[in-house]
Each structure stands twice: as C-alpha cells, then as structure tokens.
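*Asks:*
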Amino acid sequence: MRRKSLLTRKVTVKNSEPTGDVILDEALRHMKETNPPETVTSWIEYLSGETWNPLKLRYQLRNVRERLAKNLVEKGVLTTDKQNFLLFEITTHPLSDGNQKTKLIKEVQDAVLSKWTNDVHRMDKKMLSLIILAHASDVLENAFAPLSDQDYEVAMKRVRSLLELEYDAQAEKKGNDVMWAVFEAFSK
81 MRRKSLLTRK
91 VTVKNSEPTG
101 DVILDEALRH
111 MKETNPPETV
121 TSWIEYLSGE
131 TWNPLKLRYQ
141 LRNVRERLAK
151 NLVEKGVLTT
161 DKQNFLLFEI
171 TTHPLSDGNQ
181 KTKLIKEVQD
191 AVLSKWTNDV
201 HRMDKKMLSL
211 IILAHASDVL
221 ENAFAPLSDQ
231 DYEVAMKRVR
241 SLLELEYDAQ
251 AEKKGNDVMW
261 AVFEAFSK
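In the numbering used here, the protein residues as written are 81 to 268.
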C-alpha cells in the first residue's frame with residue numbers, strides 16, 4: 081500500500097499531557113481540538129502567525145515572538161533593553177551572555193565536522209533539527225563563517241546532503257514522521 085507524502089498527512093496528537101512549557105502546551109491543545117486534523121505545513125503557518133485565513137485565526141498563538149523572548153529572558157539567555165528608533169522606543173532582547181551563543185555555534189560546527197556520521201539516524205535529533213531549521217532561517221552560514229575555507233566547504237557539503245535527503249524515505253526507516261515532515265516543509 082502506498083503511503084501519503086509527509087506534507088499531505090494530517091497531524092494528530094497522541095499524548096496531550098502538559099509538557100511544562102506554556103507555549104508548547106497551548107500549541108498541543110490547538111492541535112488536539114482541531115477537527116478535521118491539519119497538515120504540518122498548515123500548523124507551521126498557524127502557529128507562527130503567518131496565516132491570513134480568518135477562519136483559522138483561532139489557531140494562531142498570540143504574541144508568540146514576544147512570549148518566546150520573555151521565556152528566554154526568564155531563563156537568563158536574553159536581556160530586555162529599550163532602543164530609540166526615530167520617534168519610537170523599541171524593545172529589544174540582546175544576548176545576556178555571548179558565551180552561550182559561542183558554545184552553541186561550536187556544537188553545530190562539531191556536528192558537521194568532527195562528530196559527523198554518514199547515518200542521519202545516528203545524529204542527535206535536536207542537533208539535526210537545529211541544523212536544518214538554522215539553514216531555513218538563513219543563519220547557518222554565519223555559524224560557519226569563522227571556519228577555514230576547507231572546513232567551510234566540508235560543512236556546507238554535509239548540510240547540503242542533509243537538505244537533499246528523501247524525507248519520506250527517512251520517515252519510513254525510523255518513524256518520527258512529524259520531524260521529517262517539518263524538515264520537508266522548511267526545505268521547500
């Protein structure tokens with residue numbers, strides 16, 4: 081029997097117990113209450129606030145960027161600052177400690193260089209997700225900028241190999257369909 085492609089499959093919540101993260105719990109509640117279920121691509125649009133469909137506005141997470149920034153301020157990752165821009169005062173959230181960013185960049189560099197494995201299923205799922213989503217956000221090349229030319233080429237070649245994977249086939253091998261569907265949605 082032929083399976084539907086990852087992007088056309090519907091998302092259903094198997095376990096709706098609270099995770100302890102307010103934003104994640106709210107997103108799971110929206111997904112669980114939706115009838116009929118929606119696709120991963122639809123949920124990315126709804127939860128990021130990128131949809132303009134008035135019938136789907138109830139699924140949007142309100143002030144999601146501000147709430148995420150507030151959570152990171154509470155965890156000590158960011159600080160809150162005010163900057164004047166012409167006539168307006170803008171709230172910004174600079175890093176409280178640049179060492180955390182440097183450490184994370186080093187971990188990403190190591191994941192595609194010294195700790196690289198040719199089997200994507202042996203990679204740490206959080207790191208794999210970070211690499212693919214950082215690429216989709218156009219910040220991955222900045223993380224590789226300090227590398228030597230040779231290391232930069234190797235790192236980018238390996239990232240391209242991750243981006244060129246057949247995500248449907250990867251999902252069939254080891255499951256975790258939602259993760260692979262998100263990767264496919266962001267690689268389009």
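Note that beta-carbon positions come from the ideal geometry of N, C-alpha and C, so glycine has one too. This one's a predicted model, so the numbers in the text were calculated from it and none came from an experiment.
(1) Considering only their Cβ atoms, is the gap separating S176 from V157 smaller than 8 Å?
(2) For chain C, find out if any of its Cβ atoms is closer than 8 Å to the Cβ of Y247; answer yes or no.
(3) Mind reading off the beta-carbon distance from I212 to V188? Whole number of angstroms is fine, and I expect it under 8 Å.
(4) How many whole angstroms separate the CB atoms of K183 and M259, which I take to be in contact at a CB cut-off of 8 Å?
(5) Who are the Cβ neighbours of L243 in its own chain at under 6 Å, not counting the five residues just before and after it?
(6) As an exercise, report each continuous alpha helix (DSSP H) stretch of at least 4 residues that is fully enclosed by the stretch 117 to 147, in chain order.
(7) Is the CB-CB distance between A107 and L141 below 8 Å?
(8) Hey, L87 and A265 are a contact pair by Cβ (cut 8 Å); roughly how many whole angstroms apart?
(9) Roughly how many angstroms separate the alpha carbons of D161 and T171, rounded to a whole number?
(10) Decide if the stretch 85 to 104 is in contact with the stretch 227 to 238; the criterion is three or more beta carbon pairs, one per stretch, under 8 Å apart.
(11) According to DSSP, simplified to helix, strand and coil, what is N256?
(12) What does the alpha-carbon distance come out to for the pair P174 and K150?
(13) To the nearest angstrom, report how far apart V102 and L220 are at their CA atoms.
*Replies:* So, from the listed chains and residues:
(1) Start at 1 with the first residue of the sequence shown, and residue 157 comes out as number 77. Start at 1 with the first residue of the sequence shown, and residue 176 comes out as number 96. Yes.
(2) Of the protein chains in this structure there is only one, and it is not chain C.
(3) Walking along the sequence shown from the start, residue 212 turns up at place 132. Walking along the sequence shown from the start, residue 188 turns up at place 108. 11 Å between Cβ atoms; not a contact.
(4) As a first step, residue 183 is located in the sequence shown; it is residue number 103 there, counting from the start. As a first step, residue 259 is located in the sequence shown; it is residue number 179 there, counting from the start. Not really, about 24 Å apart at Cβ, beyond 8 Å.
(5) By 1-based counting over the sequence shown, the position of residue 243 is 163. Contacts found: S267.
(6) 120 to 128
(7) Here residue 107 is taken as the residue at index 27 of the sequence shown, counted from 1. Here residue 141 is taken as the residue at index 61 of the sequence shown, counted from 1. Against a cut-off of 8 Å, the Cβ pair of L141 and A107 comes out as a contact.
(8) Taking the first residue of the sequence shown as position 1, residue 87 is located at position 7. Taking the first residue of the sequence shown as position 1, residue 265 is located at position 185. Contact holds; Cβ gap of about 6 Å.
(9) Here residue 161 refers to the residue found at position 81 of the sequence shown. Here residue 171 refers to the residue found at position 91 of the sequence shown. Cα-Cα distance, rounded: 6 Å.
(10) no
(11) Looking up residue 256 in the sequence shown gives position 176. Residue state, collapsed to three classes: coil.
(12) Residue mapping note: residue 174 aligns to position 94 of the sequence shown, counting from 1. Residue mapping note: residue 150 aligns to position 70 of the sequence shown, counting from 1. Computed Cα separation, rounded: 12 Å.
(13) The residue given as residue 102 occupies position 22 in the sequence shown. The residue given as residue 220 occupies position 140 in the sequence shown. Going from the Cα of V102 to the Cα of L220 covers about 28 Å.
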